[in-house]
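Enquirer: First to last, the sequence lines map onto chains A and B. Going by the working numbering, the first residue of the first sequence is number 53, and it counts up by one from there. Going by the working numbering, the first residue of the second sequence is number 53, and it counts up by one from there. We treat Cβ as the ideally placed atom computed from N, Cα and C, and that holds for glycine.
Protein chains: 2
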Amino acid sequence: MYKVTRPTLLLDKKKAIQNIERMAKKAKASGVNYRPHFKTHFSKEIGEWYREYGVISITVSSIDMAVYFAGQGWNDITIAFPINVLQIEVLKHLSKQVKLGLVVESIEAIEVINTSISDSVDVYIKVDTGYRRTGVWHKKVDDINEMIQSVADHHVPKGLLAHFGHTYRENQKDRIISIFKTEVGLLNALRDQLGGSLLISVGDTPSASIMKSFEHIDEIRPGNLVFYDVMQAQIGSCRYEDIAVCLAAPVVAVYPDRSEVVVHGGAVHLSKESLLDSEGKAYYGVVVLLGEKGWSAPLDDCSVISLSQEHGKITMSSKEFEKVKIGSILGILPVHSCLTANLMKEYTTLRGERISTLHQ
Amino acid sequence: MYKVTRPTLLLDKKKAIQNIERMAKKAKASGVNYRPHFKTHFSKEIGEWYREYGVISITVSSIDMAVYFAGQGWNDITIAFPINVLQIEVLKHLSKQVKLGLVVESIEAIEVINTSISDSVDVYIKVDTGYRRTGVWHKKVDDINEMIQSVADHHVPKGLLAHFGHTYRENQKDRIISIFKTEVGLLNALRDQLGGSLLISVGDTPSASIMKSFEHIDEIRPGNLVFYDVMQAQIGSCRYEDIAVCLAAPVVAVYPDRSEVVVHGGAVHLSKESLLDSEGKAYYGVVVLLGEKGWSAPLDDCSVISLSQEHGKITMSSKEFEKVKIGSILGILPVHSCLTANLMKEYTTLRGERISTLHQ
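1. Any C-beta of chain A within less than 7 Å: which residues of the region 171-185 of chain B qualify?
2. Report the start-end ranges of each beta strand (DSSP E) in the region 149-237 of chain A that is 3 residues or longer and not cut off at the edges.
3. Taking residue 137/A and residue 175/A to be in contact with their CB atoms under 8 Å, please state how far apart those CB atoms are, rounded to whole angstroms.
4. Taking the DSSP output, what are the residues bridged to residue 85/B?
5. Roughly how many whole angstroms lie between the Cα atoms of residue 232/B and residue 181/B?
6. For residue 144/A, which of 158/A, 173/A, 156/A and 157/A has the nearest alpha-carbon?
7. Rounded to the nearest angstrom, what separates residue 259/B and residue 222/B at their Cα positions?
8. Provide the residue span of the alpha helix (DSSP H) that contains residue 257/B, from first to last.
9. Using a Cβ-Cβ cutoff of less than 6 Å, which residues in the same chain neighbour residue 196/B once the five nearest sequence positions on both sides are dropped?
10. Can you name the start and end residues of the alpha helix (DSSP H) that residue 99/B belongs to?
11. List, in order along the chain, the chain A residues whose C-beta lies closer than 8 Å to that of residue 166/B?
12. Straight-line CA distance for residue 292/B to residue 382/B?
13. Is the CB of residue 119/B under 9 Å away from at least one CB in chain A?
14. On the DSSP bridge list, what partners appear for residue 383/B?
15. Assign residue 328/B to one of two classes, buried (16 or more other C-beta atoms within 10 Å of its C-beta) or exposed (fewer than that).
16. Alpha carbon to alpha carbon, what distance is there between residue 371/B and residue 388/A?
17. To the nearest whole angstrom, what separates the beta carbons of residue 228/B and residue 234/B, a pair I think is in contact under 8 Å?
18. Does the region 278-285 of chain B come close enough to the region 356-367 of chain B to have 3 or more Cβ pairs within less than 8 Å?
19. Look at the alpha carbon of residue 311/B and the alpha carbon of residue 390/A, and state the distance between them as a whole number of angstroms.
20. Within 10 angstroms of its Cβ, does residue 308/B collect 16 or more other Cβ (buried), or is it exposed?
21. Tell me the DSSP secondary structure of residue 321/B in three-state form.
22. Which residues, in order along the region 293-315 of chain B, keep a beta-carbon less than 7 Å from a beta-carbon of chain A?
23. Just to confirm, is the Cβ distance from residue 114/A to residue 89/A under 9 Å?
24. Tell me which residues of the region 129-149 of chain A have at least one Cβ-Cβ distance to chain B shorter than 8 Å, keeping chain order.
25. At what residues does the alpha helix (DSSP H) containing residue 373/B begin and finish?
26. Considering Cα atoms alone, identify which of 139/B, 162/B, 170/B and 338/B is closest to residue 147/B.
27. Would you identify the three-state DSSP class for residue 378/A, choosing helix, strand or coil?
28. Using DSSP with H/G/I as helix, E/B as strand and the rest coil, what is residue 365/B?
29. Below 7 Å on C-beta distance, what does residue 394/A contact in chain B?
30. Below 9 Å between beta carbons: does that hold for residue 408/B and residue 65/B?
31. Near residue 126/B, what residues of its chain come up, given a Cβ to Cβ distance below 6 Å and the 5 sequence neighbours on each side ignored?
32. Please report the residue range of the alpha helix (DSSP H) in which residue 121/B lies.
33. Using a cut-off of 7 Å between C-beta atoms, extract the partners of residue 365/B located in chain A.
34. Any idea which residues DSSP pairs residue 406/A with across the strands?
35. Measure how close the beta-carbons of residue 271/A and residue 251/A come, nearest whole angstrom, since I'm counting them as under 8 Å.
36. With residue 110/B as the anchor, note down where its beta strand (DSSP E) starts and where it stops.
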């Protein structure tokens, strides 16, 4: 494998492609459109890997990311974030370049689009079915209807878009299946009340991974699954062996007295996203060994227990501790791969090829 | 003030310079060397602001950062992180370019330096006086003595370097003063046992800010104080009005039912560093209003209560909520400015000048 000398985000390309393929096939078998969220990798090169599986439409989370992928030949892009009306000039430009999908949840935002964008765009109403982050509450049918009428004056009222973000708080498959079915039911009830012609687009990685097939929806938008991470493994969306990215971190200090090591790999590499272990203690990553062909399964009783800006403090079992010395490289599976990728800004494949992103 | 249209890290240059000046004067009055940590801003332009206050020596947290500042005319640089022996070739190159300070805590690392670096470098022994992150435990006098002897064969055993990181967990000034005095005492006892010629270099922002003068040490290395942040205000290191950076975040959705707004400003802008409020709930930033000449004091009963990748969810008092609409800009004082700056990659002054960093 590629020889690492500094904190490096390794990418197992084969695993990432398997993750893409699995979801693309499941979407196809269910007859739903797969519009993957590119906010996880934000890389033109990784974007290309999806094309082989028939993907032609994508999701992004910011206007900047839409501009980047529009420049890479993607011409069907939904920005799955309530539009920032202050950047309307950029959206106007984008609407001339690609088939643009915008997400709204207020009459005010629709009026800005109607007034400023002359080329027709697809407009999705963001609907809140229970997560309580963004969206119009699904029971506000009159408000939603009014929005659709307002959109229809100038643009295409394309669909109802929802994100079942509360699946990320679960770790039992039947609970996630239940959330998915309940909320899809609410969206269908809403669509029926609105006349039945809107698409339904949903997006979380847990339910997209756990559902065996997709009924009563038209589109899925999961993003994280290209890499997965420890959070998704804990939820049950993937197996640890499906995780496709791993931070390689040099060991800079060892502490036999407390069976701990410190690596160069901190909050500016992994992010401060944490999970709680069975004793309620926070951890920031799971430790693996790097080998010729990739990385091992998680090591028992080893985890990243604290992060400073550049330091990662790792507790190790005495068995594993014995094998580590200054200058060793440890692998860390990230808790939240989207944030780790955003911080690391580029990937290195197991063969040492560097893959750039929007940020590098 | 500069008109913001997207998430933007505003920098109040006047406050930052006041923060630098205050510490530079205090260090000078105490007769200690001020070697500011540049990991907080990692910007060549902000680095220049220190020169006016007599700063000629700096601290960095990574080899990459040392290379960047060496290229900006800084020629006395300490890398306050246990050396990564895998990057010894870069250190070798740097040792020819600048007066280089390296931090070690093992014979193994010293042997790598002795074998590989022919130009003389200053070597500091990292000493742990209680934080239990990195460093040789201060009571291991024989081990430290052996390290110093080993360094002396090829290089200059320059000093004992410590970081009282446990001050970050305190919020009472007398506790922080007590930690500082106790640990400085331990370092002096150690220095005496080692023969008395080593420098003592210490570094945390809380004690550097709270101590009125510095006795029995030779050097201070605080970094965060150039910007400060909510964490430091909570600790008591600064006043809220000393905080010199603020994320300007566009409001993209408003929720009258729950008195909440969502801004474009999430984990990829602020970082997931959090603090606990008086009820034990996590928050990710403090809300201020932006005005012509900067930003207001923190708004009562308003805070960032959750972050997704791009979304920030803010709870607001009904009084403040009424003034906000889609397209408004809210200011967010970050919990941890070092991590926010690292994510945002550049600064915008109140006049709209963009200031670049190592990352942009």
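Expert: Straight from the coordinates:
1. 185
2. 151-156, 174-180 and 208-214
3. By one-based count along the first sequence, residue 137/A stands at place 85. By one-based count along the first sequence, residue 175/A stands at place 123. About 14 Å separates the two Cβ atoms, so there is no contact after all.
4. Reading the second sequence from its first residue, position 33 is the one you call residue 85/B. In DSSP, residue 85/B forms a bridge with 271/B.
5. Along the second sequence, one-based indexing puts residue 232/B at 180. Along the second sequence, one-based indexing puts residue 181/B at 129. Cα-Cα distance, rounded: 10 Å.
6. Residue 144/A sits at position 92 when you count from the first residue of the first sequence. It is 173/A whose Cα lies nearest to the Cα of residue 144/A.
7. Working through the second sequence from its first residue, we reach residue 259/B at position 207. Working through the second sequence from its first residue, we reach residue 222/B at position 170. Rounded to whole angstroms, residue 259/B to residue 222/B spans 10 Å at the Cα level.
8. Locating residue 257/B in the second sequence gives position 205, counting from the first residue. First-last of the alpha helix (DSSP H) with residue 257/B: 257-262.
9. For the purposes of this step, residue 196/B is taken as residue 144 along the second sequence, with counting starting at 1. So the list reads 177 and 188, once near-sequence residues are dropped.
10. The residue labelled residue 99/B in the question sits at position 47 within the second sequence. Unbroken alpha helix (DSSP H) run through residue 99/B: 96-103.
11. In the second sequence, the residue the question calls residue 166/B occupies position 114. The premise fails here: residue 166/B is roughly 14 Å from chain A at the closest Cβ pair, so nothing lies under 8 Å.
12. Here residue 292/B refers to the residue found at position 240 when the second sequence is read from its first residue. Here residue 382/B refers to the residue found at position 330 when the second sequence is read from its first residue. If you take the alpha carbons of residue 292/B and residue 382/B, they lie about 16 Å apart.
13. Taking the second sequence and counting its residues from 1, one reaches residue 119/B at position 67. Closer than 9 Å: no.
14. Translated into positions along the second sequence, residue 383/B becomes position 331. DSSP, once it has assigned bridges, lists 300/B and 340/B as partnering residue 383/B.
15. As a working note, residue 328/B is residue 276 in the second sequence. Its Cβ having fewer than 16 others within 10 Å, residue 328/B is exposed.
16. Against the first sequence, residue 388/A aligns to sequence position 336. Against the second sequence, residue 371/B aligns to sequence position 319. Roughly 36 Å between the two C-alpha positions.
17. Indexing the second sequence from 1 puts residue 228/B at position 176. Indexing the second sequence from 1 puts residue 234/B at position 182. Wrong, their Cβ atoms sit about 11 Å apart, outside the cutoff.
18. no
19. Here residue 311/B is taken as the residue at index 259 of the second sequence, counted from 1. Here residue 390/A is taken as the residue at index 338 of the first sequence, counted from 1. In a straight line, the C-alpha of residue 311/B is about 29 Å away from that of residue 390/A.
20. Reading the second sequence from its first residue, position 256 is the one you call residue 308/B. Exposed: under 16 other Cβ atoms inside 10 Å.
21. Within the second sequence, the letter at position 269 stands for residue 321/B. Three-state result, residue 321/B: helix.
22. 302, 304, 305 and 314
23. Within the first sequence, the letter at position 62 stands for residue 114/A. Within the first sequence, the letter at position 37 stands for residue 89/A. It is not a contact, given that the beta carbons lie outside the stated cut-off.
24. 133, 134, 135, 136, 137, 138 and 139
25. Position 321 of the second sequence, counting from 1, holds the residue named residue 373/B. Here the alpha helix (DSSP H) through residue 373/B covers 370-373.
26. Taking the first residue of the second sequence as position 1, residue 147/B is located at position 95. Taking only the C-alpha atoms, the option nearest residue 147/B is 170/B.
27. The residue given as residue 378/A occupies position 326 in the first sequence. In the structure shown, residue 378/A sits in coil (DSSP, three-state: anything other than H, G, I, E or B).
28. Sequence index remark: in the second sequence, residue 365/B carries index 313 (1-based). Of the three classes helix, strand and coil, the one that applies to residue 365/B here is strand, per DSSP.
29. As a working mapping, residue 394/A is identified with position 342 in the first sequence. Those are 320, listed as they occur along chain B.
30. Taking the first residue of the second sequence as position 1, residue 408/B is located at position 356. Taking the first residue of the second sequence as position 1, residue 65/B is located at position 13. No. Outside cutoff.
31. Locating residue 126/B in the second sequence gives position 74, counting from the first residue. Closer than 6 Å at the Cβ level, and outside the excluded window around residue 126/B, lie 110.
32. Sequence index remark: in the second sequence, residue 121/B carries index 69 (1-based). From DSSP, the alpha helix (DSSP H) with residue 121/B extends over 115-122.
33. Numbered from 1 along the second sequence, position 313 holds the residue referred to as residue 365/B. Under the 7 Å cutoff, chain A gives 185.
34. On the first sequence, position 354 is the one that residue 406/A refers to. In DSSP, residue 406/A forms a bridge with 400/A.
35. The residue labelled residue 271/A in the question sits at position 219 within the first sequence. The residue labelled residue 251/A in the question sits at position 199 within the first sequence. Yes, they are in contact, since the Cβ atoms of residue 271/A and residue 251/A sit about 6 Å apart, within 8 Å.
36. To locate residue 110/B, count along the second sequence from 1; it is residue 58. Per DSSP, residue 110/B belongs to the beta strand (DSSP E) from 110-112.
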